[in-house]
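Scroll down for the structure; my scribbles are underneath it.
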Amino acid sequence: MTAESNNPPETGDSAVSDARRLAPVHPRTMVEQAAEAVVAAAARGVFLPGDRLVEAEIARELGISRVPVREALRLLESQGIVVSTPYKGMRLMQVTNRAVAELMRVRAALESLALREILANGPATEALLSPARRAAQRYNAVAEGSDTAAIVAADEAYHGEICRLSGNGVLHGIWLSVARQLSVVWGLGHDVRPKPRISKEHDEILDLLARGDGDAAQASLTRHLSWHEDLDFEKAVARRRQAKPRG
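Counting from 1, one number per residue, gives the positions in the sequence shown under full-length UniProt numbering.
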């Protein structure tokens, strides 16, 4: 008799207990959806940097209970999008010119490394680049519309694919950890440059990766990411706050 056969068989109750430990899929999904809804609202300007995020109001508008909203706000707090202050509650992250510059330097370093990793073994194949090509096409489609959140999400998806295609899981994970902060920033500056120019730059970066021209790809990425230098984010927030309907 083996050692395994000496062990008592797993009971039905034990199996159910283990299964429950591995769930809960639905509550997590609802939390994630609530978090995405808050980020999308920030991208659209419904919530501006520094605005208080009232749990009960968000839950009412989403048509869900306060519990997943509370967890969503905690998740966003861990990602730096929401800040909790004693006696002031949860607020959307502040956006300053210095903070944006710091965030963009980190973002540029990550994506620059991603390009180098992609080209480590030579020119990128079209099979490798196809997810990023599709992301670029999705951006082109939504850029023609007026939904700021959809435009910001599509831009985020394109750059996320660049990092994912690097094959460096740590790099991609770090990029994802700052992506939602980038969404708030993009929401403020999505209209700084013409959308067709952004689309052209998306394609150019991928074309250069396909040719294996790392130096040109890096230069193209640097130009593409420099858009924030043309915007005073603090003034942009102030202008939007003045234009925002009260109530």
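For glycine and all other residues, C-beta sits at the position ideal for the given N, C-alpha and C.
Residue from Ala40, Met93 and Arg241 with nearest C-alpha to glycine 50: Met93
C-beta contact flag for alanine 136 and valine 142 at 8 Å: no
Neighbourhood of glycine 89 by C-beta distance below 6 Å, restricted to the same chain and skipping five residues each side: Arg52
Cutoff 6 Å; reference glycine 214; Cβ partners in own chain excluding five residues on either side: Leu119
Span separating the alpha-carbon of aspartate 232 from that of alanine 157: 25 Å
Paired residues, beta bridge with serine 84 - DSSP: Met90
Coarse secondary structure for arginine 133, derived from DSSP in three states: helix
Span of the alpha helix (DSSP H) around serine 112: 97 to 118
Which listed residue (Val178, Val39, Met30 and Leu128) has its alpha carbon closest to that of valine 106: Val178
Rounded distance between the beta-carbons of threonine 148 and glycine 187, thought under 8 Å: 6 Å
Endpoints, alpha helix (DSSP H) assigned at glycine 212: That residue, glycine 212, is in no alpha helix (DSSP H); it is neither H nor E in DSSP.
Alpha carbon of histidine 202 to alpha carbon of alanine 56, nearest angstrom: 40 Å
Bridge partner(s) assigned by DSSP for arginine 52: Arg91
Nearest to valine 69 (by Cα), restricted to the options Val152, Ala37, Gly160 and Arg241: Ala37
Alanine 101 burial status per 10 Å Cβ neighbour count (16 or more: buried): exposed
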